[in-house]
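To start, the structure under review is shown below, and the notes come after it.
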Amino acid sequence: MNEKNIIICRCEDVTLQDIYRLMNEGYTSFEELKRILRIGMGPCQGNTCGQLLQREIAKFLEVPLDQVKTQKVRPLTTGVKLKSIVEATKNER
Amino acid sequence: MIEKDLVIIGGGPSGLSAAKTAAESGLSSLIIERDYKLGGQLVKQTHMFFGSEKQYAKTRGIDIAKILIDDVLSYPNLIEIMTNTAVVGLYNDKVITILHEEKYSKIKARAIIIATGASEKVLAFENNDMPGIYGAGAVQTLMNVYGVLPGQDVVMVGSGNIGLIVSYQLLQAGVNVKCVLEAAGTIGGYKVHASKLKRLGVDIKTSTSVIKAVGGECLQKIITSKLDEKWNFIPGTEETIELDALCVSVGLSPLGNLLSMIGVEMKYVSSLGGLVPMISHSHETSVENVFVAGDVSGVEEASSAIVEGYLTGLIVAQKLGFEHPNYEVLIQDLRSQLDNLRSGPFGEKTRNGLLEIMR
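Protein sequences, first through last, are from chains A and B.
First residue of the first sequence? That's 48 in the working numbering, and the numbers climb one at a time after it.
First residue of the second sequence? That's 61 in the working numbering, and the numbers climb one at a time after it.
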């Protein structure tokens, strides 16, 4: 099996090999992997890769799936131009 | 800032149904839908539904969508609709930020029903990003909404109801469905759907999954392998299948991103599809006046989503001071409809899952 060709996060092009490499270095939480690899930070905001990564972490740590926390989600869910935000807040005090 | 009584996020079966019963109770609402049109995933479901007549059994999904949309449109003074509008943020003071064609606005709601549904799960295998590999839902959208065939020779991964139904619809569209692969030892979906495929000569290979996609610029072959009871691949059982499209149907996961944004208490329940909110008997989350309906609180059939929508719409209206004249009777009837839909062996996983998220 060639882990380099298994895509876990298709938004940010993160492979299973990337994840194994970091887990072997000790980065075994979703948030750590997210900060280093940008996994889950693309257009789908982790909807696609979330469960795949959760499964890989659970297998690696040999813990049940429900004990692996997934990513913290924050606004905004999609790109918003600063211009749009400025225009919306113009009349606010 | 725009102020609203009730904001419903998601214009699929549960969101539409909730708006209807809220309006019947006299409560106004705003439905926010990301897509260009209402109806959610019903708009591609050309098959007839099961269940009882109260949930539009023997009616095609696309026609159920029309009924639900017409119901909502019949309350122009109470139900406001925004399509092609994404909710980009949700905040603890019940402020919702939205984006519609680059116009960003803020809405403050007294109550919110999150009815965002679920999204397709994907599989990790070699070359899983090759063009020609689709989710089964994507194939159904391409085929039934846009009239585009995904390929000529297709293999389906997953024998749940979606995998079986989409395989049958591919056959109806003249596509050669070479086989259905199922990682588990038994077929996942209803026997009626599986039998239809078998009668048409489609083999359903259990304890089998895909390990590798092969091709250049697009998909040409897949390598499959048998699995043991612990879901490990058994070496020496590999087979090669030539195809130009692979359809992945390995379940749905609830779209709870907005819930996570406001710190709603969540739990991972695999029988409900993944991370779901803890809810009260009234479908209220741990954040007051934030409710959920439909697949976002556990993946089920569209029929259950519709009933949950009707139920939640009534409950929210009552909480905001708009009690339906027939409230108690309707609530009792809807609860018994849900119990019926979840009865029997197929509903067992759902029943147990829902017990785990009750608060």
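Beta carbons: idealized from backbone N, C-alpha and C, even for Gly.
Would you report the Cα separation of I69 (chain B) and E299 (chain B), rounded to the nearest angstrom? 45 Å
Could you give the C-beta distance for F38 (chain B) and I172 (chain B), rounded to a whole number, given that I count them as a contact under 8 Å? As shown, chain B starts at 61 and ends at 419. That puts residue 38 (chain B) outside it, with no answer to give.
Using a Cβ-Cβ cutoff of 7 Å, what residues of the region 330-345 of chain B are near chain A? List them in chain order. S330, G334, L335
Simplified DSSP assignment, three categories, for L150 (chain B): strand
Within its chain, find whatever has a CB closer than 8 Å to the CB of G407 (chain B); leave out the 5 residues flanking it on each side and keep chain order. L401
Just tell me which of B:Q212, B:Y250, B:V252 has its CA closest to the CA of C239 (chain B). B:Q212
Determine, for L415 (chain B), whether the minimum Cβ-Cβ distance to residues of chain A falls below 7 Å. no
Partners in chain B for A105 (chain A), counting only beta-carbon separations shorter than 9 Å: Within chain B, no residue comes near A105 (chain A); the closest Cβ sits about 10 Å away, beyond 9 Å.
What is the residue span of the alpha helix (DSSP H) that T410 (chain B) lies within? 408-416
Measure from the alpha carbon of Y194 (chain B) to the alpha carbon of each residue in B:A362, B:L87, B:C307, then state which is nearest. B:C307
Quick check on S76 (chain A) - is its C-beta less than 7 Å from some C-beta in chain B? no
Residue span of the beta strand (DSSP E) that contains N140 (chain B), given as start and end: Looking at the sequence provided, one finds Glu at residue 140 (chain B) rather than Asn. Residues 139-142.
Can we say the region 143-150 of chain B touches the region 119-133 of chain A, given the rule of at least three CB pairs closer than 8 Å? yes
In chain A, what lies closer than 8 Å to K166 (chain B) by C-beta? A135
Can you pull out the residues from the region 172-186 of chain B whose beta carbon lies closer than 9 Å to at least one beta carbon of chain A? S179, E180, K181, V182, L183, A184, F185, E186
Every unbroken alpha helix (DSSP H) inside the region 98-185 of chain B [4 residues or more]: 121-133
is_contact[E162 (chain B), chain A] using C-beta, thresh 7 Å: yes
In terms of DSSP beta bridges, what is C91 (chain A) paired with? Per DSSP, none; premise fails for C91 (chain A).
Touching by the beta-carbon criterion (3+ pairs, under 8 Å), the region 246-259 of chain B and the region 218-225 of chain B: yes
Could you give the distance in angstroms between the alpha-carbon of H384 (chain B) and the alpha-carbon of L100 (chain A)? 46 Å
Inter-residue Cα distance where the pair is K104 (chain B) and L224 (chain B): 15 Å
According to DSSP, residues forming a beta bridge with A273 (chain B): B:I282
Helix, strand or coil at L231 (chain B) according to DSSP, with G and I counted as helix: helix
Taking a Cβ distance cut-off of 7 Å, strictly less, list which residues of the region 204-220 of chain B are near chain A, in chain order. none
Is the beta carbon of L102 (chain B) less than 7 Å from the beta carbon of I124 (chain B)? yes
What separation, rounded to the nearest whole angstrom, lies between the Cα atoms of G275 (chain B) and A184 (chain B)? 17 Å
What's the C-alpha gap between W291 (chain B) and L371 (chain B)? 40 Å
Would you kindly work out how many angstroms separate the C-alpha atoms of L332 (chain B) and E186 (chain B), rounded to a whole number? 28 Å
Same chain, Cβ closer than 6 Å to R94 (chain B), five either side skipped, listed in chain order: A146
Closest to P314 (chain B) by C-alpha separation, out of B:T106, B:E416, B:K327, would be which residue? B:K327
Identify which residue in B:N412, B:G296, B:I366 has its Cα closest to the Cα of V329 (chain B). B:N412
V115 (chain A) versus G73 (chain A) - alpha carbon distance: 15 Å
Identify the continuous alpha helix (DSSP H) that holds I55 (chain A) and give its terminal residues. Note, I55 (chain A): premise wrong, no alpha helix (DSSP H); beta strand (DSSP E) at 54-56.
When burial is assigned at 16 or more other CB atoms within 10 Å of the CB, is L129 (chain A) buried or exposed? exposed
So which of B:E416, B:A233, B:S320 has the shortest CA-CA distance to S340 (chain B)? B:E416
Extent of the continuous beta strand (DSSP E) run through D65 (chain B): 62-69
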